[in-house]
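Chains as they are written, first to last, in my numbering: chain C, 1080 to 1360; chain V, 3 to 434; chain D, 9 to 374. Just so you know, even glycine gets a beta-carbon here, dropped at the ideal spot from N, CA and C. Every value quoted in this text rests on a predicted model; they were computed, and no experiment measured them. Below you'll find the structure, written out as structure tokens, and then a few comments.
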Ligand SMILES: Cc1cc2nc3c(=O)[nH]c(=O)nc-3n(C[C@H](O)[C@H](O)[C@H](O)COP(=O)(O)OP(=O)(O)OC[C@H]3O[C@@H](n4cnc5c(N)ncnc54)[C@H](O)[C@@H]3O)c2cc1C
Ligand SMILES: Cc1cc2nc3c(=O)[nH]c(=O)nc-3n(C[C@H](O)[C@H](O)[C@H](O)COP(=O)(O)OP(=O)(O)OC[C@H]3O[C@@H](n4cnc5c(N)ncnc54)[C@H](O)[C@@H]3O)c2cc1C
Ligand SMILES: Nc1ncnc2c1ncn2[C@@H]1O[C@H](COP(=O)(O)O)[C@@H](O)[C@H]1O
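What follows is the structure, encoded as structure tokens:
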């Protein structure tokens, strides 16, 4: 079985700051990490490889520094890594991103057929959850999003069973390979690479593809040109209100603080007060 | 699998990077291990970089190193509770390239340095903690890591694992750190727009300011505070001896909060968004605390060897210099076809001794003790100095001579003549 | 908008210019809302979107349509009537047995078929697991732009384009996105951010039927089973009126019991921050925030929660926020309505008691 895992390098959004005046992102000192959701996808692919054998190719579109993300994936056990990097890809929205990634996967499968493609649920910078579905649609792969468990694979008959999170329950679905799966967080825990894997990852030659190497001829479909959506405005969230009104009590005792709060809630927010009373009866 | 390298460098701070870079540049097979997620990921704060030490390793570092501001102005403040007296040195000579000192953000700087190390050909592996040394009798032959199959071997292991080197301690190269030999420093980074910093500190075009602070902000403990300007942020922090924190039962962050609230400091950081908060140890034991620097198959460099000049707040330059000297020692021995025995590695000790590193540490060897035993430098004097300034600068019809008398009296009252003389002598000796 | 949203802060946002729409695309008209349903129930987000879609359609002076894809039967017709009562002028209906349960392939085919036949200018879907699955493949099939997970929609009257606003970088920033020379303009919208309109059952409208043209053997994916969430213990945070949430400040899993106790007295749902969920103190469906649920209760009590941006984006639309935190500088106090600075371990039991007493008295009185 040959699996392709799409991973993206993202700034650690927990450490992002917004410039107070210009509303631009201050990247100063913000580390780049592998999109956390993609690690679940990678681990799931590794587990399938443990069960059924085969090869894993990780694919990342990004600037040259994204090499670090691919090396990390290699250390966890991926067999090959491809960095898709070209100035022409810059400014891509999800449609253009999925076009480029789909083209690269099409190129990959010329050398070796691809049975499964994994992607993360979403990225933590874009948060769109669209690139996975976009790739599947372009390549004509069956699409399984929000997968919470990967079950049996029947490589012979080219079928796979997964559980997919839906509103109000879980769908158990069976589909045909090749397919694309985006996985939910928490369905596995990433393994800890061995020292030998670390050495292998450090020494592994990366494959770097520019636009041409990925077999993309039509430059109107990639980067800014290939992106139907454009950002017209970026701004900081409006602060909710001013700071909280601090509840104080002369005694400082918890009971008195609680009473003061309740008095505030029930007098200043009569509707809420009535609702609380109604619910509890 | 038992991989073998010429050298293993433990740690990817300034000391480890300098060693690994110098070795790899000379064609040695180098493995560098770092426990952080990436080199520098544990060192988020801002710091001062002294150009000279780095220039000797990477002469053209200015071309692409992430430097924040070059330093144009240095201020020294002695603070009382609501005032300070201070002096400022600003010179346009500092405003001409090549600049002598820069503020840097360690995460970025360490990452850049590590990139250079990798370009030079060393293998750098992160997220890997060295847990122990492999010994063959007295000889260090490799390291153990926390990864499965994690033993790696080398002719020399260079310990650059920073202050409180657990490895050196484990191997018995190094006694347990004494709380009075280390300072605990807490730092915060406050983000402010570049223009705000420029106008608040009266600088422009990437010039910056350092403020060193002493006095009542440390609550009578031995220590100092500092504030640096980065391009779009301020680094502010305070450090005191660990033993003092323990004795006084003060939480470091509470001390920093109080310092930030000082009327002279508050306006400088106002409106900033605080991002990082970090606490880190600084070796302050000085000359007397330096451990043995080498043995069969190993050398120790940087903070791990207590190479910090606490009086001048220099550390990274000593780290880089000792890292380089250790590497050069190994390169020379290899060229001479000599084995990495203790006897041969003694050459590293010689190099350190004749460099500024040891000479400076020796010069201030008594400083830690003087300060530790004389808390008046951090309590009475700041108060007296500030009161004196206040007295002199308040124009209230009292003749100046009377004011001077009153100032003199207050000094004597609080310290006695002999005390004052003694203090002066002690300090003078420590600086000699 | 993936990299577009990620990258632009460094670039200058594009200048608004008058859009010369391709005449082929200018023919696209009307606002559509996909009416999502599963297991016989319409998802509330669809009603919210019909309310919002009505506003957009009125601004543009066009019709609002619901889109129902379903198995044949009365239920499907009922969904259409409901869409009309919530503001639609008409409803497109594709009835086919293969649409009985949601699967990407037939739903994508149904939706793209309708769009190609009737050409709407705007197509809105809920940002649910179903909506985001479907929107991604529909937009790709149609080769048009899609703005995901929006929190605000407006019309830029100058060129009749949809200006969709969404959080990015985990909510640290908002960006407004427009779809240039492509139609329809698609967006998915988070549940609970648009107001729920009042239905008007006297409204009438047309139903336009369209056929799918797929048979079961065309579809590779089969539904073997649907395992409904166990209702008894199922958290239903997005629709809770009152939520009591706990964070790492509770220190120990045992202490989390206090949150349950307070919630019980208030008849509230229990929520949590990510570290608490990761530590296994409560189940993942109780996580509030960027990677958890977006909630909009009337009252949100945050206990031992710092108020990190990733948590904040999931709950700041709450009407009243009460925060209990021992650190007076905790960010949560920057946006809470009321704050109590103190140790949760002591404050929460006191709150539980106070509410219990108050409610007992109120009941006796009333
Ligand atoms: C608050 C503060 C302010 C300072 N300001 C300045 C300043 O302005 N100018 C200046 O020159 N100096 C300053 N210093 C001192 C300076 O930071 C240090 O002297 C310098 O960082 C020492 O470099 P190093 O490489 O020896 O150690 P470190 O920078 O501490 O690096 C050690 C590295 O080893 C890694 N490591 C540790 N143990 C292991 C292990 N077992 N396995 C693998 N990896 C390991 C660590 O993760 C770390 O990356 C300051 C220090 C502090 C705390
Ligand atoms: C990609 C990404 C996605 C994320 N998604 C989410 C998400 O969906 N939801 C989410 O919640 N987080 C999310 N996070 C994590 C988020 O960044 C914060 O780490 C998290 O919200 C903090 O949880 P906390 O407030 O419980 O813990 P902490 O930040 O540790 O805060 C604990 C608070 O409790 C206070 N406290 C301590 N003791 C007491 C006491 N005895 N009494 C009262 N107060 C006390 C402390 O002062 C502190 O403010 C995400 C992070 C990332 C990077
Ligand atoms: N530049 C990229 N390179 C590789 N994979 C990507 C890239 N962008 C998105 N992906 C994949 O698509 C998933 C969804 O991304 P998004 O639509 O941006 O939320 C991610 O979790 C990745 O698996």
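Between the Cα of residue i and the Cα atoms of the options, which residue gives the shortest distance?
i              : options                           : result
residue 238(V) : 202(V), 216(V), 282(V) and 188(V) : 188(V)
residue 57(D)  : 69(D), 48(D) and 75(D)            : 75(D)
residue 84(D)  : 47(D), 152(D) and 171(D)          : 47(D)
residue 39(D)  : 193(D), 77(D), 356(D) and 346(D)  : 193(D)
residue 277(D) : 296(D), 148(D) and 263(D)         : 296(D)
residue 309(V) : 296(V), 284(V), 197(V) and 329(V) : 284(V)
residue 281(D) : 257(D), 265(D), 156(D) and 268(D) : 257(D)
residue 199(V) : 177(V), 232(V) and 425(V)         : 232(V)
At a Cβ threshold of 9 angstroms, is residue i touching chain D?
i               : result
residue 1249(C) : yes
residue 1329(C) : no
residue 1167(C) : no
residue 1341(C) : yes
residue 1083(C) : no
With 9 angstroms set as the bound, which would you pick, yes or no: does the beta-carbon of residue i sit closer than that to a beta-carbon of chain C?
i              : result
residue 263(D) : no
residue 302(D) : no
residue 369(V) : no
residue 111(D) : yes
residue 19(D)  : A caution first: residue 19(D) carries a pLDDT of 43, below 50, which makes its placement in the model unreliable, though a value can still be read off. Yes, residue 19(D) counts as interfacial toward chain C.
residue 240(D) : The predicted model places residue 240(D) with a pLDDT of 42, which falls under 50 and marks its position as unreliable; any figure quoted below should be read in that light. By this cut-off, residue 240(D) is not an interface position.
residue 69(V)  : no
residue 155(V) : no
residue 1(V)   : Because chain V in this structure spans residues 3 to 434, residue 1(V) falls outside the shown range and cannot be described.
residue 190(D) : yes
residue 299(D) : yes
residue 36(D)  : no
residue 240(V) : no
residue 190(V) : no
Rounded to whole angstroms, how far is the Cβ of residue i from the Cβ of residue j, which I believe are closer than 8 angstroms?
i               : j               : result
residue 1241(C) : residue 1223(C) : 5 angstroms
residue 166(D)  : residue 36(D)   : Between residue 36(D) and residue 166(D) the Cβ distance is about 18 angstroms, and since that is not below 8 angstroms, they are no contact.
residue 378(V)  : residue 417(V)  : 6 angstroms
Quick check on the DSSP output: the beta strand (DSSP E) that includes residue i runs from which residue to which?
i               : result
residue 349(D)  : 346–349
residue 333(D)  : 328–333
residue 155(D)  : 154–158
residue 1198(C) : 1195–1199
Alpha helix (DSSP H) containing residue i: first to last residue?
i               : result
residue 1276(C) : 1274–1282
residue 194(D)  : No alpha helix (DSSP H) contains residue 194(D), which is instead part of the beta strand (DSSP E) from 193–197.
residue 308(D)  : Looking at the DSSP string, residue 308(D) is not in any alpha helix (DSSP H); the run it does join, the beta strand (DSSP E), is 307–311.
residue 1213(C) : 1210–1218
residue 119(D)  : 112–126
Against chain V, with Cβ distances strictly below 9 angstroms, would residue i count as a contact?
i               : result
residue 1089(C) : no
residue 1110(C) : yes
residue 1282(C) : yes
residue 1157(C) : no
residue 1147(C) : yes
residue 1114(C) : no
Cβ-based contacts, 7 angstroms cut-off: residues of the stretch 1299–1322 of chain C near chain D: Residues 1306, 1307, 1308, 1309, 1310, 1311, 1312, 1313, 1314, 1315, 1316, 1318, 1319, 1320 and 1322.
Members of the stretch 1246–1274 of chain C near chain V, C-beta cut-off 9 angstroms: Those would be 1271, 1272, 1273 and 1274, in chain order.
Residues from the stretch 1209–1228 of chain C in contact with chain D, defined by Cβ distance under 8 angstroms: Considering only beta carbons, the part of the stretch 1209–1228 of chain C lying closer than 8 angstroms to chain D consists of 1209, 1210, 1211, 1212, 1213, 1215, 1216, 1217, 1221, 1222, 1223, 1224 and 1225, in chain order.
Against chain C: residues of the stretch 123–141 of chain V by CB proximity under 7 angstroms: Those would be 125, 127 and 130, in chain order.
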